[in-house]
Amino acid sequence: MEEKKLITGGEFLVKETSPDDIFIPEELDEEQRMIGESCKDFLETEVFPVVDRIDAQEEGLMRSLLEKSGELGLLGITIPEEYDGFGQNFITAMYSSEVLGAGYSYAVAYSCHTGIGTLPILYYGNEEQRAKYVSKLATGELIGAYCLTEPGAGSDANSGTTKAVLSEDGKHYIVNGAKMWITNAGFADVFTVFAKIDNDRVLSAFILERDYEGITFNPEEKKLGIKGSSTRQVFFNDVKVPVENMLGKRGEGFRIALNILHMGRIKLGANVIGSAKKAIDQSVQYANERKQFNCLISQFGAIKHKLAEQVIQTFATECSVYRASKALDNAITHSVANGDDKGRDTMEAFNQFAVEAAAMKVFGSEALDYVVDEGVQIHGGMGYSAEMFIDKGYRDSRINRIFEGTNEINRLLLVDSVLKKGAKKVLPVMELAEKAFEEVKAMNGIPAPAEGWIEEKDQYVANQKKVVLMLLKAASEKFNRTLVTEQEILSNISDCIIQVYVAESVVLRLKKMEAMKGEEACKIYRDMADVFVYDAAARIAKFARDATYSFAYGEVRDLLEKGINNFTWVAGVNVKEARRRIADQLIDENKYCF
Amino acid sequence: MRILICISNVPDTTTKVKFSTDNTSFDDGGVQWIINPWDELALTRAMELKEDASNPVSNVTVVTVGSPAAEPTLRKALAIGADDAIRVDAVSTDAHFVASQLAAVAANGDFGVVLCGIESSDYNGSAVGGMISEIMGIPSVSAVSEFKFDGGEVVLSRDIDGGKEEVSVPAPFVAIVQKGIAKEPRIAAMRGIMMARKKPLQVVPAADAESFTAYQAFAMPEPKAPCKMVDADNVKELVNLLQNEAKVL
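If you're matching them up, the sequences are chains A and B in order.
Quick note on the working numbering: the first sequence kicks off at 375 and runs consecutively.
Quick note on the working numbering: the second sequence kicks off at 41 and runs consecutively.
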């Protein structure tokens with residue numbers, strides 16, 4: 375049998391993707407949908423009725439919710455069956471994360487436990503460590519947390535000063551230091567802690583249990599949002615950690631931390647979809663009840679614009695997140711089949727998709743911020759009142775741009791990953807950039823639009839990629855090794871890459887949906903793609919110009935300018951009518967229905 | 041004792057109801073389907089009874105009348121805990137047709153108890169349970185809010201005006217259950233979901249049966265009149281509106 379061609383991380387910039395190679399939510403099977411329903415039922419029966427009590431951090435409540443989730447098997451969806459989990463694939467994990475993402479602070483505690491709280495041990499633990507901890511984490515008997523950030527080491531995680539020193543008898547590491555912003559710290563039993571052994575320059579990882587002597591906690595942090603999630607500082611004072619509790623190899627901690635974060639970032643992309651859909655439901659339901667000037671406010675064009683844009687941003691996130699999930703799922707399967715360490719091989723697949731993970735983290739968190747911000751606006755004065763749930767969604771959303779690596783760090787590492795893959799010849803970035811420059815030199819005006827709606831969109835996306843490649847080449851040549859310090863330019867390029875990835879994902883989903891359901895049934899989705907691609911072109915042009923005028927001069931600048939003008943051109947779209955049609959469908963259904 | 045639960049596959053209760061352009065059929069485009077809430081309570085009670093080893097319940101079967109599109113709903117019932125499922129391969133047309141199909145399945149399977157929800161949340165006919173017992177020639181007890189075994193005997197409680205009555209009934213019988221029969225519907229656990237795919241789901245052809253009624257047309261309720269707010273101090277205006285506008289005084 376011919377081996378299936380694998381998509382590699384970042385490849386979307388240099389190759390066309392076939393709709394056959396992506397996953398769209400319409401393909402969720404009966405079992406996956408049932409798992410999603412159970413997640414939804416859990417939120418509706420166990421979480422939403424006690425949201426205020428969760429936010430007040432009622433003693434024992436969050437832990438009991440996690441334990442109940444464990445009884446239902448929701449903590450072990452992707453854990454292998456040998457550790458009392460259910461061995462589901464990454465797409466199912468993403469779908470359940472999406473649904474549970476609507477659960478406010480509970481969603482944060484759940485994500486922390488099932489992600490950074492459990493997976494370091496599953497993927498990097500040895501057999502004894504897995505046997506001791508993973509089954510109990512999968513069933514909720516133990517709750518996990520992850521201690522990376524320190525008061526002086528946030529984005530620069532490797533600069534942490536927590537120390538581990540081998541005891542004289544060689545049986546323990548003595549750990550000293552402080553960690554902060556530790557989710558689930560108030561009730562977690564098991565902590566993955568990163569520390570430097572002796573004078574190592576890089577981190578190592580250790581598994582610590584709550585009842586080890588010398589671990590103390592500060593009171594709960596007072597936070598802007600996710601008030602119900604436990605967040606504390608954790609202190610280690612001469613904590614004796616058995617040597618067998620070192621996770622992975624000495625010095626492997628930073629790699630573990632980064633790979634776990636790649637996974638966390640893409641999962642955050644799924645979480646925000648659930649939160650966004652909930653905020654849209656709240657927004658449209660309010661707009662369908664509130665009257666002003668003797669008219670439901672949902673009938674006003676200004677409100678329709680907001681509702682439609684909430685939908686478009688959410689839909690676009692969904693297209694991209696599930697596309698990336700399938701590529702990752704395939705990469706995990708391939709990596710595990712061809713390796714000898716299932717855990718490390720799985721994490722290696724996440725590492726490969728650092729570009730997509732960062733893109734989803736940034737785009738998804740900013741899309742959700744847009745959705746909840748306009749949600750508050752649609753609610754008017756009531757949106758500013760703590761009486762309505764939209765204020766909670768607004769406050770809870772904000773953390774997504776900060777944790778799992780700030781959006782600023784993610785923007786920078788995204789471009790860095792692309793350039794490294796280019797330098798290693800994994801992706802032919804410079805070669806294709808050179809071709810794009812040649813094409814621009816020979817161009818005489820805007821290229822003629824392709825025939826057909828889909829073909830036209832394909833052409834736009836393909837051209838937008840050329841702008842990205844030209845910028846990458848020009849900036850690399852201009853700054854060489856000092857490019858890393860040009861954070862504004864890197865962020866501009868990163869934003870272009872993110873917009874291209876999302877726009878292409880929307881078009882790919884449309885192609886696949888139309889093949890499944892026919893063009894007529896997908897008309898409203900064409901409206902979404904029309905608006906998104908049209909807007910993305912303008913955004914790419916702006917980011918690209920900002921970058922170009924920041925560093926390019928002479929012929930390079932002229933060519934970049936010409937390339938931007940020609941390659942970001944798109945035909946006009948009646949965005950007002952398209953948005954109205956999208957909003958009308960939402961208003962008619964009174965809930966997210968796409 | 042084997043228990044048969046009749047499941048109706050109904051639109052999610054938050055579904056925005058729409059009809060075909062000529063208003064003669066329900067437009068099921070984009071609808072999410074669920075187990076009829078009353079049937080789900082019946083299933084929950086059956087599972088509770090089966091899980092208590094002191095009760096003589098050996099098997100719980102779920103049955104529905106519908107197209108293959110109804111199978112996810114049956115699978116969900118299996119995930120919640122039913123042992124096996126039957127789908128009668130037919131589009132339900134009216135209560136008599138559905139009851140005839142369910143009665144044929146019940147008669148075929150040596151079931152001691154047939155449980156039905158008191159109504160379905162879509163058409164709210166409240167007719168099928170009684171019809172099954174009539175077609176099968178077995179007793180039925182309606183509005184059952186409690187179902188227990190007492191020394192091997194079935195004891196049912198019914199809500200009556202101002203109180204309750206307890207009845208005993210010999211098997212086989214039909215129990216038409218209402219709210220109160222079980223606490224809360226269960227969430228399908230991961231283990232149940234994984235097991236559901238391995239449990240038998242049998243598809244049987246429809247029995248010959250007549251439909252006595254046919255839908256002529258559906259109509260949506262008139263939109264509600266706009267709400268008028270009257271200041272709490274302005275009783276005169278309120279009386280005026282009730283007398284002269286609403287004409288209820």
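Using N, Cα and C, we set each Cβ at its ideal position, and we do this for glycine too.
Since glycine 625/A and valine 576/A are thought to touch, with beta carbons under 8 Å apart, how far apart are those beta carbons, to the nearest angstrom?
Within the first sequence, the letter at position 251 stands for residue 625/A. Within the first sequence, the letter at position 202 stands for residue 576/A. Their Cβ separation, rounded to whole angstroms, is 5 Å, which keeps glycine 625/A and valine 576/A in contact under 8 Å.
Hey, is the segment 100-110 of chain B in contact with the segment 47-54 of chain B, meaning 3+ C-beta pairs nearer than 8 Å? yes
Query raised in the report: Which stretch, first to last residue, makes up the alpha helix (DSSP H) that contains phenylalanine 397/A?
Result: Counted from its first residue, the first sequence places residue 397/A at position 23. Per DSSP, phenylalanine 397/A belongs to no alpha helix (DSSP H) and is neither H nor E.
Exercise. Using the beta-carbon count (16 or more within 10 Å), is serine 759/A buried or exposed?
Worked result: Here residue 759/A is taken as the residue at index 385 of the first sequence, counted from 1. Of the residues assessed, serine 759/A falls on the exposed side of the cut-off, its CB having fewer than 16 other CB atoms within 10 angstroms.
Q: Would you be able to state if there are at least three C-beta pairs under 8 Å between the segment 698-717 of chain A and the segment 754-771 of chain A?
A: no
Q: Please name the residues in the segment 443-459 of chain A whose beta-carbon is closer than 8 Å to at least one beta-carbon of chain B, in chain order.
A: Cβ contacts with chain B: Glu445, Leu446, Gly447, Leu448, Gly450 and Ile451.
Below 9 Å on C-beta distance, what does threonine 419/A contact in chain B? Your numbering for residue 419/A matches position 45 in the first sequence. Against threonine 419/A, the close residues of chain B are Glu224, Pro225 and Ile227, in the order they occur along the chain (beta-carbon pairs closer than 9 Å).
Does the distance from the CB of alanine 807/A to the CB of glutamine 838/A come in under 8 Å?
-> By 1-based counting over the first sequence, the position of residue 807/A is 433. By 1-based counting over the first sequence, the position of residue 838/A is 464. Taking the C-beta atoms as reference points, glutamine 838/A is found no nearer than 8 Å to alanine 807/A.
message: Let me make sure I understand the geometry here. Which of Asp271/B, Ala272/B, Asp273/B and Ala265/B has the alpha-carbon closest to that of glutamate 285/B?
response: As a working mapping, residue 285/B is identified with position 245 in the second sequence. Taking only the C-alpha atoms, the option nearest glutamate 285/B is Ala265/B.
With 8 Å set as the bound, which would you pick, yes or no: does the beta-carbon of phenylalanine 416/A sit closer than that to a beta-carbon of chain B? As a position in the first sequence, residue 416/A is number 42, starting the count at 1. It does; some Cβ of chain B falls within 8 Å.
Contained beta strand (DSSP E) runs [length at least 3] in the segment 47-106 of chain B, N- to C-terminal order: 49-51, 73-75 and 99-106
*asked:* By alpha-carbon positions, which one of Ala650/A, Arg504/A, Leu522/A and Gly450/A ends up nearest to histidine 487/A?
replied: On the first sequence, residue 487/A is found 113 positions in, with the first residue counted as 1. For histidine 487/A, the nearest C-alpha among the options comes from Gly450/A.
| Less than 8 Å separating the beta-carbons of serine 180/B and isoleucine 216/B? | Stepping through the second sequence from its first residue, residue 180/B is reached at position 140. Stepping through the second sequence from its first residue, residue 216/B is reached at position 176. Yes. Within cutoff.
Review point. What residue from His636/A, Glu401/A and Lys852/A has the CA that sits closest to glutamate 888/A's CA?
Key: Reading the first sequence from its first residue, position 514 is the one you call residue 888/A. Of the listed residues, the one whose Cα sits closest to glutamate 888/A is Glu401/A.
ask   = Taking all protein chains shown into account, do 16 or more other C-beta atoms lie within 10 angstroms of the C-beta of valine 154/B, making it buried, or fewer, making it exposed?
value = As a first step, residue 154/B is located in the second sequence; it is residue number 114 there, counting from the start. Buried is the call here.
Please list, in chain order, all residues of the same chain as arginine 718/A whose beta carbon is under 8 Å from its beta carbon, the five residues on each side excluded. Translated into positions along the first sequence, residue 718/A becomes position 344. Cβ within range, chain order: Tyr497 and Tyr498.
ask   = Roughly how many angstroms separate the alpha carbons of asparagine 781/A and isoleucine 640/A, rounded to a whole number?
value = Within the first sequence, numbered from 1, the residue matching residue 781/A stands at position 407. Within the first sequence, numbered from 1, the residue matching residue 640/A stands at position 266. Between asparagine 781/A and isoleucine 640/A, the C-alpha separation is close to 13 Å.
Q: Name, going along the chain, the residues of the segment 107-130 of chain B whose beta-carbon falls closer than 8 Å to a beta-carbon of chain A.
A: Glu111, Pro112, Arg115, Lys116 and Ala119
Determine, using beta carbons only, whether lysine 651/A comes closer than 8 Å to chain B. Looking up residue 651/A in the first sequence gives position 277. For lysine 651/A, the answer is no, since every Cβ of chain B falls outside 8 Å of its Cβ.
Buried or exposed: where does threonine 856/A fall if 16 or more other Cβ atoms within 10 Å of its Cβ makes it buried?
-> Translated into the one-based positions of the first sequence, residue 856/A becomes position 482. Exposed, since its Cβ has fewer than 16 Cβ neighbours within 10 Å.
ask   = Can the beta-carbon of glycine 622/A be found less than 8 Å from the beta-carbon of isoleucine 630/A?
value = Walking along the first sequence from the start, residue 622/A turns up at place 248. Walking along the first sequence from the start, residue 630/A turns up at place 256. For glycine 622/A and isoleucine 630/A, yes; Cβs fall inside 8 Å.
Margin query: Quick check on the DSSP output: the beta strand (DSSP E) that includes tryptophan 555/A runs from which residue to which?
Written below: As a working mapping, residue 555/A is identified with position 181 in the first sequence. Note, tryptophan 555/A: beta strand (DSSP E), 546-557.
Among Thr557/A, Pro593/A and Glu524/A, nearest to threonine 536/A - alpha-carbon criterion: Numbered from 1 along the first sequence, position 162 holds the residue referred to as residue 536/A. Threonine 536/A has its Cα closest to that of Glu524/A, out of Thr557/A, Pro593/A and Glu524/A.
Next on the checklist: Assuming arginine 231/B and glycine 149/B are in contact, meaning their beta carbons sit under 8 Å apart, how far apart are those beta carbons, in whole angstroms?
Outcome noted: Here residue 231/B refers to the residue found at position 191 when the second sequence is read from its first residue. Here residue 149/B refers to the residue found at position 109 when the second sequence is read from its first residue. So it is not a contact: roughly 26 Å between Cβ atoms.
Note to self: Within a Cβ cutoff of 6 Å, which residues of the same chain sit near threonine 452/A, ignoring the five residues on either side of it in sequence?
What the structure shows: Taking the first sequence and counting its residues from 1, the one referred to as residue 452/A is at position 78. For threonine 452/A, where only same-chain residues beyond five positions count, the Cβ hits under 6 Å are Gln462 and Ala467.
* Asked: Between Glu825/A, Ala731/A and Gly749/A, which lies nearest to asparagine 784/A when the distance is taken from Cα to Cα?
  -> Along the first sequence, one-based indexing puts residue 784/A at 410. Selected option, being the one with the closest Cα: Ala731/A.
CA-CA distance, valine 138/B and phenylalanine 968/A?
One-based indexing of the second sequence puts residue 138/B at position 98. One-based indexing of the first sequence puts residue 968/A at position 594. Each residue's alpha carbon lies about 33 Å from the other.
Inter-residue spacing [alpha-carbon to alpha-carbon] between glutamate 456/A and leucine 448/A
For the purposes of this step, residue 456/A is taken as the residue at position 82 of the first sequence. For the purposes of this step, residue 448/A is taken as the residue at position 74 of the first sequence. Looking at the two C-alpha atoms, the distance is approximately 16 Å.
Contact belief for methionine 408/A with alanine 143/B at Cβ below 8 Å, rounded distance in angstroms:
Within the first sequence, residue 408/A is the residue found at index 34, counting from 1. Within the second sequence, residue 143/B is the residue found at index 103, counting from 1. Contact flag wrong, Cβ pair sits at about 29 Å.
*If I'm right that alanine 921/A touches alanine 849/A with Cβ under 8 Å, what's the distance once you round it to whole angstroms?*
Your numbering for residue 921/A matches position 547 in the first sequence. Your numbering for residue 849/A matches position 475 in the first sequence. Right, their Cβ atoms sit about 7 Å apart.
Pull up the CB-CB distance for leucine 786/A and alanine 728/A, whole angstroms please, since I reckon it's below 8 Å.
As a first step, residue 786/A must be located in the first sequence, where it is residue number 412. As a first step, residue 728/A must be located in the first sequence, where it is residue number 354. In fact, because the Cβ distance is near 12 Å, the residues do not count as touching under 8 Å.
Measure from the C-beta of asparagine 500/A to each C-beta in chain B and report whether the shortest distance is under 8 Å.
Residue 500/A sits at position 126 when you count from the first residue of the first sequence. Not an interface residue.
Original post:
Any idea if glutamate 193/B is buried or exposed, counting beta-carbon neighbours within 10 angstroms, 16 or more meaning buried?
Top reply: Along the second sequence, one-based indexing puts residue 193/B at 153. Its Cβ having fewer than 16 others within 10 Å, glutamate 193/B is exposed.
Which class does serine 578/A belong to by DSSP, given the choice of helix, strand or coil? Within the first sequence, residue 578/A is the residue found at index 204, counting from 1. In the structure shown, serine 578/A sits in a strand (DSSP, three-state: E or B).
Interface positions of the segment 948-967 of chain A facing chain B (Cβ-Cβ less than 8 Å), listed along the chain: Cβ contacts with chain B: Asp962, Glu963, Asn964, Lys965 and Cys967.
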